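Below is one structure, written out as structure tokens; comments come after it.
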Amino acid sequence: MRDDLHLSSFWKKVQRKVTGRSFMDILRELVVVGYCTSEAGATQGLAFDFIPGSYTGCIPLRPGQKSWATK
């Protein structure tokens, strides 16, 4: 079972290299990048600090606070 998963992902990578990315994948990426780098996206949609003071690696988020990256 585990070998089938690796083989399947390998063939998907090979197919993507040969055929390229789909139009919808490229469009989706460009729309997200455009939104995140726009003024409205950076100030209203994402947590944006206009003048950062110093780097703080780990800080707690407030309940409901938006973050730059979520996974």
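For the record, in the sequence shown the residue sitting at position 58 is 58 according to this note's numbering, with numbers rising by one throughout.
Backbone N, C-alpha and C fix where the C-beta goes; we use that ideal spot for every residue, glycine too.
As the structure is a prediction and not an experimental result, all values here were calculated from the model.
The alpha-carbon separation between Leu30 and Ser67 amounts to approximately 20 Å. Taken through DSSP and simplified to helix, strand or coil, Tyr35 comes out as helix.
Gln65 sits in coil when the DSSP states are folded into three classes, being neither helix nor strand.
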